[in-house]
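Accompanying notes for the structure given below.
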């Protein structure tokens, strides 16, 4: 089985276990688990609840990209005794996060996350073309938002990013053209001042 096939075939339980085990062991600094992993676990929950990462259906592209991240987290936890030169760059980046000095955890987490997502996106590039046009556009929009969050080193140890995702991102798969247009318009009108590209949460 290729790495791409393995990433796609991971069950929801295996994905959750990879995230939770890694951040239980490496929450970051003195923060209680899941620490800096809070936003990543929240995003996985949205992927599952929105129907993108589900067993027997959903999106092969989302499964592949998320699965690449899950495999990197699992391998980083299992390869803690290996040298960075003996692991692939994304796994080495996660082990660097795990051993980051105080004050560097957030920056190194985003660096590792960026490597894992980039690896997944490259590996799953052909799969994106199989998505509906609106879902393709939405997926690329999410990647741009992630890039901005990485550049600004958004805090991932609070529920804030997860709450924004749940309020603004689609609750079903695939996104429809009208829903995509509404999301883009909302983001254009009121981008989140924290720099994530997500509008601030509503008070309804």
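In the working numbering, the protein residues as written are 267 to 470. Yeah, the Cβ is synthetic: ideal placement off N, Cα and C, and Gly gets one too. As the structure is a prediction and not an experimental result, all values here were calculated from the model.
Pull up the CB-CB distance for residue 337 and residue 384, whole angstroms please, since I reckon it's below 8 angstroms.
14 angstroms between Cβ atoms; not a contact.
Proximity winner among 311, 394, 300, 298, relative to residue 331 (alpha-carbon distances)
Relative to residue 331, the option among 311, 394, 300, 298 whose CA is nearest is 394.
Neighbourhood of residue 360 by C-beta distance below 7 angstroms, restricted to the same chain and skipping five residues each side:
Excluding residues within five positions, the ones whose Cβ falls inside 7 angstroms are 338, 339, 342, 378.
Inter-residue Cα distance where the pair is residue 363 and residue 374:
Cα-Cα distance, rounded: 5 angstroms.
Quick check: the Cα distance between residue 430 and residue 353, rounded to an integer number of angstroms?
Distance between residue 430 and residue 353, taken at the CA atoms: about 34 angstroms.
Residue range of the alpha helix (DSSP H) that includes residue 392:
Where residue 392 is concerned, the enclosing alpha helix (DSSP H) stretches over 391 to 394.
Whether or not the region 273 to 288 and the region 396 to 408 are in contact is what I'm after, with contact meaning three or more pairs of Cβ atoms, one per stretch, closer than 8 angstroms; do they touch?
Too few Cβ pairs lie closer than 8 angstroms, so no.
Determine the direct distance from the alpha carbon of residue 405 to that of residue 326, and round the result to whole angstroms.
Note on geometry: alpha-carbon atoms of residue 326 and residue 405 lie some 12 angstroms from one another.
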